[in-house]
Each structure stands twice: as structure tokens, then as C-alpha cells.
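Participant: Input: one structure, supplied below.
Number of protein chains: 2
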Amino acid sequence: MQDTLSQTFAALADPTRRALLARLTRGEANVSELARPFLKEMSLPAVTKHLKVLEKASLITKTRDAQWRPCKLNATPFKDVADWMEPYRKYWEESFDRLDAYLKTVTSKNKTKSKKP
Amino acid sequence: MQDTLSQTFAALADPTRRALLARLTRGEANVSELARPFLKEMSLPAVTKHLKVLEKASLITKTRDAQWRPCKLNATPFKDVADWMEPYRKYWEESFDRLDAYLKTVTSKNKTKSKKP
DNA sequence: GATATATTTAACCGCTATGTTAATTAACCA
DNA sequence: TGGTTAATTAACATAGCGGTTAAATATATC
Numbered sequence: 001m002q003d004t005l006s007q008t009f010a011a012l013a014d015p016t017r018r019a020l021l022a023r024l025t026r027g028e029a030n031v032s033e034l035a036r037p038f039l040k041e042m043s044l045p046a047v048t049k050h051l052k053v054l055e056k057a058s059l060i061t062k063t064r065d066a067q068w069r070p071c072k073l074n075a076t077p078f079k080d081v082a083d084w085m086e087p088y089r090k091y092w093e094e095s096f097d098r099l100d101a102y103l104k105t106v107t108s109k110n111k112t113k114s115k116k117p
Numbered sequence: 118m119q120d121t122l123s124q125t126f127a128a129l130a131d132p133t134r135r136a137l138l139a140r141l142t143r144g145e146a147n148v149s150e151l152a153r154p155f156l157k158e159m160s161l162p163a164v165t166k167h168l169k170v171l172e173k174a175s176l177i178t179k180t181r182d183a184q185w186r187p188c189k190l191n192a193t194p195f196k197d198v199a200d201w202m203e204p205y206r207k208y209w210e211e212s213f214d215r216l217d218a219y220l221k222t223v224t225s226k227n228k229t230k231s232k233k234p
């Protein structure tokens with residue numbers, strides 16, 4: 001078994017699973033509701049498996065309501081990812097500041113060709 | 118081939134690769150420098166492969182200097198992850214606000230037991 | 001009890017990821 | 001030229017992922 005963060009990233013490394021999470025930001029949903037948009041591309045058991053991966057990674061929690069299994073998002077792993085990202089934030093923001101600066105030089109070079117009169 | 122974000126998350130889903138990235142926040146390093154801390158646990162070709170995964174995911178760039186291959190971090194995929202995370206931020210912060218609120222109720226319940234006079 | 005709906009489990013398959021060791025390539029040095 | 005260091009490639013083993021279909025389980029309803 002892997003460490004928690006690896007498990008989280010592995011769970012996020014699939015577009016179907018990310019779409020499932022995105023759906024859950026709009027509120028709880030049970031398995032068949034979650035599966036519906038994907039049933040042209042894959043079977044229901046495939047979706048069940050994706051949900052199990054998300055559940056094992058604690059990204060979602062499955063509860064019980066009669067024969068339905070409402071799922072909801074868990075915040076903790078997102079927080080963990082955000083915290084892991086933090087040391088890199090300064091780095092990439094700096095990088096985009098540089099892009100910003102570059103774009104400003106381009107703008108100034110093209111001033112005479114500007115659409116505005 | 119997978120989509121970019123999946124490739125990024127997959128690359129991050131390994132503790133060795135995350136450690137390599139962490140090392141690179143302290144500046145450029147070539148392959149053997151990067152490998153050194155891991156050579157008790159795995160072979161050099163294994164590290165080479167990890168670096169290739171990071172490179173394919175654009176998380177690092179490998180350049181050339183004689184027989185050395187200095188590696189440096191790329192900001193873009195980190196930005197992409199951060200952007201993907203953004204819709205979830207409010208969600209998990211809210212969740213930790215709730216924790217905060219809970220902790221406050223605990224504090225208030227224990228007011229009489231507080232260390233402060 | 002029988003049937004319908006919701007979901008999971010089982011058994012299987014093909015592909016890819018991660019590691020190994022041995023060999024190879026590339027660049028430098030003496 | 002020959003030797004050393006740096007890094008990659010080749011060939012291979014193993015394990016796990018993501019999908020399938022078919023069967024099983026759970027709950028509600030008639």
C-alpha cells in the first residue's frame with residue numbers, strides 16, 4: 001500500500017474520477033446518478049470501481065439510503081494536496097509574473113500596431 | 118496517451134518523484150546528484166525512469182552540460198493543478214472553518230478549565 | 001414469495017508502471 | 001588510445017489498473 005498523498009494523486013490521475021468529483025461539488029448523488037453520464041463510454045461496474053478508488057483515497061464518502069449509496073465529497077485530501085502544493089506556489093507565480101512582464105514588453109513593442117487609434 | 122492533467126497527477130503519485138521535485142526547488146541538479154539519496158533503495162536506471170516520467174509530464178526540463186544533464190522545475194503543470202484545485206478551495210476551506218467553529222465551541226465549553234486565569 | 005431496482009462482487013483480460021541487471025552511448029581526461 | 005564518469009537503453013519480471021460480462025447481494029414493492 002502506498003502513502004496517503006500518492007493514493008490521492010493516483011486517484012486524481014483519471015478524467016472519469018475527476019469528473020465524478022466535479023459532479024459532487026454540485027451536491028450529493030448516488031451511484032447510478034453519478035454513473036449516468038458515463039454509461040455510453042463504460043459499464044456500471046467500471047464506475048463502481050472508480051468510486052471505490054475515490055473512496056479508498058478518502059476523496060468521497062459513501063453512505064446508505066435504502067438500496068441507494070449517496071456519495072459526498074471529503075475535504076481533507078484536497079487540503080492535503082493544497083498543502084503539498086504550497087512550497088511550489090511562489091515558484092509558479094513568479095514564473096507567471098515573468099510571463100506577465102514579457103507580455104508587457106510585447107504590448108509596448110506593438111503599441112504602434114494597436115487596434116486602438 | 119492520456120490528457121495532460123492525468124499525466125501530471127500520475128507523475129505526482131509517487132513519493133520518489135515528489136522528493137525529486139522537492140529537491141529541485143533548491144535549484145538545478147543533474148541526474149547523479151538527484152539520484153544519490155535514493156541509491157540505497159533503488160538503482161540509477163530506476164531514477165532515470167522517474168525523471169523521464171517527470172519530464173514527459175513537463176514537470177521538469179532536462180538540459181545538457183557535457184556529460185551531465187542538469188534538471189530544473191517547470192512551473193506550468195503546477196499552475197494547472199492549482200487551477201484545477203480552485204473550484205474545491207472554497208469547499209475545503211469551508212470545511213476547515215467548520216472545524217474551527219467546532220474547536221471554538223470546545224474551547225468555550227472548557228473555558229473554566231482554561232490555562233488563562 | 002416474486003419481481004424490480006440499485007449496487008457490488010467475481011473472474012477474467014490486456015496494458016502499462018516500476019523495478020531489476022547488463023550492455024551501450026556520450027563526454028571528458030591523461 | 002584507453003580509462004573514467006555520467007547517463008541511457010535493452011530486455012526482462014511482476015504487479016496493479018481499468019475495463020469487460022455474468023452472477024450475486026440488498027432493499028423495496030406488489
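First to last, the sequence lines map onto chains C and X.
Here this note's numbering is used: position 113 in the first sequence is 113, and no number is missing along the way.
Offset between the second sequence (1-based) and this note's numbering: plus 117.
Glycine is no exception: its CB is placed at the ideal position from the N, C-alpha and C atoms.
Just so you know, these numbers come straight off a predicted model, no measurement behind them.
In the DSSP assignment, what residue or residues form a beta bridge with X/D182?
Facilitator: Locating residue 182 of chain X in the second sequence gives position 65, counting from the first residue. Answer by DSSP bridge pairing, in chain order: X/W185.
Participant: Bridge partners of X/A146, per DSSP?
Facilitator: The count along the second sequence starts at 1 and reaches residue 146 of chain X at position 29. X/C188.
Participant: Cβ of C/S6 within 9 Å of Cβ of X/A130?
Facilitator: Walking along the first sequence from the start, residue 6 of chain C turns up at place 6. Walking along the second sequence from the start, residue 130 of chain X turns up at place 13. Contact: yes.
Participant: When the distance is taken between beta carbons, is C/T4 closer than 9 Å to C/D80?
Facilitator: Along the first sequence, one-based indexing puts residue 80 of chain C at 80. Along the first sequence, one-based indexing puts residue 4 of chain C at 4. Yes, the Cβ-Cβ distance between C/D80 and C/T4 is below 9 Å.
Participant: Using the Cα positions of X/T165 and C/E28, report the straight-line distance between them to the nearest angstrom.
Facilitator: To locate residue 165 of chain X, count along the second sequence from 1; it is residue 48. To locate residue 28 of chain C, count along the first sequence from 1; it is residue 28. Cα-Cα distance, rounded: 43 Å.
Participant: Using CA coordinates, which residue listed in X/P187, X/H167, X/L176 and X/V170 is at the minimum distance from X/E150?
Facilitator: Residue mapping note: residue 150 of chain X aligns to position 33 of the second sequence, counting from 1. Closest by alpha carbon: X/P187.
Participant: According to the neighbour-count rule (16 or more other Cβ atoms, all chains shown, within 10 Å of its Cβ), is C/K113 buried or exposed?
Facilitator: For the purposes of this step, residue 113 of chain C is taken as residue 113 along the first sequence, with counting starting at 1. Any answer about C/K113 is weak, because its pLDDT of 41 lies below 50 and its placement is not dependable; what the coordinates show is given next. That one is exposed.
Participant: Ends of the alpha helix (DSSP H) at X/S123?
Facilitator: Position 6 of the second sequence, counted from the start, is the residue given in the question as residue 123 of chain X. Start and end: T121 to L129.
Participant: Assign X/A152 to buried or exposed, taking buried as 16 or more other Cβ atoms, counted over all protein chains shown, within 10 Å of its Cβ.
Facilitator: The residue you call residue 152 of chain X lines up with position 35 of the second sequence. By the beta-carbon neighbour count (other beta carbons within 10 angstroms, threshold 16), X/A152 is buried.
Participant: Is C/L21 close to chain X, meaning its C-beta is less than 9 Å from at least one C-beta of that chain?
Facilitator: Counted from its first residue, the first sequence places residue 21 of chain C at position 21. Yes, its Cβ sits closer than 9 Å to a Cβ of chain X.
Participant: Taking all protein chains shown into account, decide if C/R18 is buried (16 or more other Cβ within 10 angstroms of its Cβ) or exposed.
Facilitator: Here residue 18 of chain C refers to the residue found at position 18 of the first sequence. Buried, because 16 or more other Cβ atoms sit within 10 Å of the Cβ of C/R18.
Participant: Give every residue of the same chain whose Cβ lies closer than 6 Å to the Cβ of X/K179, excluding the five residues on either side of it in the sequence, and list them in chain order.
Facilitator: Walking along the second sequence from the start, residue 179 of chain X turns up at place 62. Contacts found: E172, R186 and C188.
Participant: At 9 Å on the CB atoms, spell out the chain C contacts of X/M202, in chain order.
Facilitator: For the purposes of this step, residue 202 of chain X is taken as residue 85 along the second sequence, with counting starting at 1. Near X/M202 (Cβ distances below 9 Å), the residues of chain C are F78, V81, A82 and M85.
Participant: Name the residues in the stretch 146-172 of chain X whose C-beta lies less than 7 Å from a C-beta of chain C; which are they?
Facilitator: none
Participant: State buried or exposed for X/L176, treating a residue as buried only when at least 16 other CB atoms are found within 10 Å of its CB.
Facilitator: Your numbering for residue 176 of chain X matches position 59 in the second sequence. The residue is buried, with at least 16 neighbouring Cβ atoms inside 10 Å.
Participant: From X/P204 to X/F195, what does the alpha carbon distance come to, in whole angstroms?
Facilitator: The residue labelled residue 204 of chain X in the question sits at position 87 within the second sequence. The residue labelled residue 195 of chain X in the question sits at position 78 within the second sequence. One Cα belongs to X/P204, the other to X/F195, and the distance between them is close to 16 Å.
Participant: Identify the contact partners of C/L73 in chain X, using a Cβ-Cβ distance below 7 Å as the criterion.
Facilitator: Stepping through the first sequence from its first residue, residue 73 of chain C is reached at position 73. In chain order: Y208.
Participant: What residues in its chain sit with their C-beta under 7 Å from that of X/K157, if we drop five residues either side in the sequence?
Facilitator: If you number the second sequence from 1, residue 157 of chain X lands on position 40. Excluding sequence neighbours, X/K157 sits near nothing in its chain.
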